[in-house]
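Visitor: Numbering (full-length UniProt numbering), first residue to last: 1 to 416.
1) Counting only runs that start and end within the stretch 152-183, where is the alpha helix (DSSP H) found for 4 or more residues in a row?
2) Using a Cβ-Cβ cut-off of 7 angstroms (strictly less than) and excluding sequence neighbours within five positions of residue 78, which residues of its own chain qualify?
3) Can you name, in chain order, every residue of its own chain whose Cβ lies under 7 angstroms from the Cβ of residue 419, other than the five neighbours on each side?
4) When the Cα atoms are used, what is the spatial distance from residue 238 to residue 163?
5) Could you check what DSSP says for residue 275 in three-state terms: helix, strand or coil?
6) Across the stretch 282-300 and the stretch 66-80, are there enough close Cβ pairs to call them in contact, namely three or more that are closer than 8 angstroms?
7) Please work out which residues of its chain come closer than 8 angstroms, Cβ to Cβ, to residue 104, disregarding the five sequence neighbours upstream and downstream, and give them in chain order.
8) In angstroms with no decimal places, state the Cα-to-Cα distance between residue 356 and residue 108.
9) Would you identify the three-state DSSP class for residue 247, choosing helix, strand or coil?
10) Per DSSP, what kind of secondary structure is residue 220 in: helix, strand or coil?
11) Between the stretch 248-268 and the stretch 125-140, can you find at least three pairs of beta-carbon atoms closer than 8 angstroms?
12) Could you name the residues of the same chain whose beta carbon sits closer than 7 angstroms to that of residue 196, not counting the 5 residues immediately before and after it, in chain order?
13) Tell me where the beta strand (DSSP E) around residue 191 begins and ends.
14) Between which two residues does the beta strand (DSSP E) holding residue 195 run?
15) In the DSSP assignment, find the alpha helix (DSSP H) that holds residue 419 and state where it starts and stops.
16) Under 8 angstroms by Cβ, that's how I've got residue 81 and residue 150 pegged, so tell me the actual separation to the nearest angstrom.
17) Starting from the Cα of residue 120, find the closest Cα among 136, 144, 148 and 88 and give me that residue.
18) In its own chain, which residues sit with a C-beta less than 8 angstroms from the C-beta of residue 146, not counting the 5 before and 5 after it?
19) Would you say residue 161 and residue 95 are within 8 angstroms of each other, going by their C-beta atoms?
20) Would you call the CB atoms of residue 306 and residue 296 closer than 8 angstroms?
21) Assuming residue 356 is part of the alpha helix (DSSP H), what are its boundary residues?
22) Cβ of residue 113 within 8 angstroms of Cβ of residue 106?
23) Can you list, in chain order, the residues of its chain whose CB lies under 6 angstroms from that of residue 379, leaving out five sequence neighbours each side?
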């Protein structure tokens, strides 16, 4: 079906091109107000929050970067992936190898002692390179079969991470490098422009910058020609191929870019945690990110951030405020168990009642928010609908255009 202007004497008309509106960044007054509120909230949090709150928020921001990586592949392109934990682990151990301290003994894991400007982007590049090597084989499959292949990556990675002791430290784990800029390191208090900053505050600034750059990249990509091709592949591969979209290039590009962001998120996580064992990069971690994009909102930047907050910050907030009674014996409910039950329930609720996730619910309840209308076929195909301030008519070409041996005025129902 195509959309045409308000009907005139002729039933079939060519759609007139509309003048493209110039791109506006925060063009409305409401957006400027929301930006001001957000900046004020950040300043208050940065000035007043304790180290415990910085720990919760920093882990949540790192999880948001990884959620953006999965949303780029699964949300925008529609490719099922359960292997995000594998690519995060690759990024983490690349950072350890390049940025870790040189070994003091023969049993210590390797480290080259390189600065953060090298090991942080290299973590993403190594993960992207491995994604480019795996992608041509994995992306020949679709749907359930692709999910099985990416699931296998988690188990292969777990085996490698346990046995490559000269890099990973083996089952007992290893220490990871701390970002250092000039003469100060982020694991200690430093003074910037005369302001004393704690380690948590410094990590917050670093992770926030990386998250903003990642979110801006994904947002701009989604609005570009490549983003439209990704959505076309997600919605209907055959239709996208007919329109000239190279399916392999689009899927491969999404796979590599998603792997890069996952590698960066993994490097930031191990750097902030300082000590990680291979068992952390497990299937349950990948499933948590799947839950995050479903709860927050599929194919949406803000949805990725909100989903990460729900899934990864919730158990830490529960522990911080001691919302659960202390466990007395084997029948107690821990915060991790409650979190698993809660986001499992949220997945079911959002899939059934609000597929757009939290961000979709917010936009639906927002005053003056969009109210999408379902465009029917058949009798409703010629109904007039509103687009902005103009009336348009939805025309079903399959129903309106005459077929072979039919007259144009018959509407496709009569024979000549």
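Beta carbons are placed, not taken as given, at the ideal position from N, Cα and C, and that holds for glycine.
Quantities reported herein were computed from a predicted structural model and do not represent experimental measurements.
Guide: Reading it off the structure:
1) Taking only runs of at least 4 residues, the alpha helix (DSSP H) segments lying wholly in the stretch 152-183 are 165-168.
2) Here residue 78 has 233 and 234 as same chain residues with Cβ atoms under 7 angstroms from its own Cβ, once five neighbours each way along the sequence are excluded.
3) Any property of residue 419 remains undetermined from this structure, which presents the chain solely from 1 to 416.
4) One C-alpha to the other measures close to 43 angstroms.
5) Strand.
6) Touching, yes, given that three or more Cβ pairs across the two stretches are closer than 8 angstroms.
7) Same-chain partners within the cutoff: there are none.
8) When the Cα atoms are used, residue 356 and residue 108 turn out to be separated by approximately 48 angstroms.
9) Residue 247: helix per DSSP, three-state reduction.
10) Reduced to three states, the DSSP call for residue 220 is helix.
11) Between the stretch 125-140 and the stretch 248-268, the count of C-beta pairs closer than 8 angstroms reaches three or more; the two stretches touch.
12) Excluding five sequence positions before and after residue 196, the CB atoms of its chain that fall closer than 7 angstroms to its own CB belong to 189, given in chain order.
13) Counted as a single uninterrupted DSSP element, the beta strand (DSSP E) harbouring residue 191 occupies residues 190-192.
14) Per DSSP, residue 195 belongs to the beta strand (DSSP E) from 195-197.
15) For residue 419 there is no data in the structure shown, the boundaries of the chain being 1 and 416.
16) Contact between residue 81 and residue 150 holds, with the beta-carbon distance rounding to 5 angstroms and staying under 8 angstroms.
17) Comparing alpha carbon positions, the residue from 136, 144, 148 and 88 closest to residue 120 is 88.
18) Hits under 8 angstroms: 79, 80, 81, 138 and 139.
19) Residue 95 sits away from residue 161, with the two beta carbons spaced by 8 angstroms or more.
20) Yes; because the gap between Cβ atoms is below 8 angstroms, this pair is in contact.
21) Residue 356 -> no alpha helix (DSSP H), and no H or E assigned at all.
22) The answer is no: Cβ separation not under 8 angstroms.
23) Unreliable placement is indicated for residue 379, whose pLDDT of 41 sits below 50; the coordinate value is still reported in the next sentence. Excluding residues within five positions, none has a Cβ falling inside 6 angstroms.
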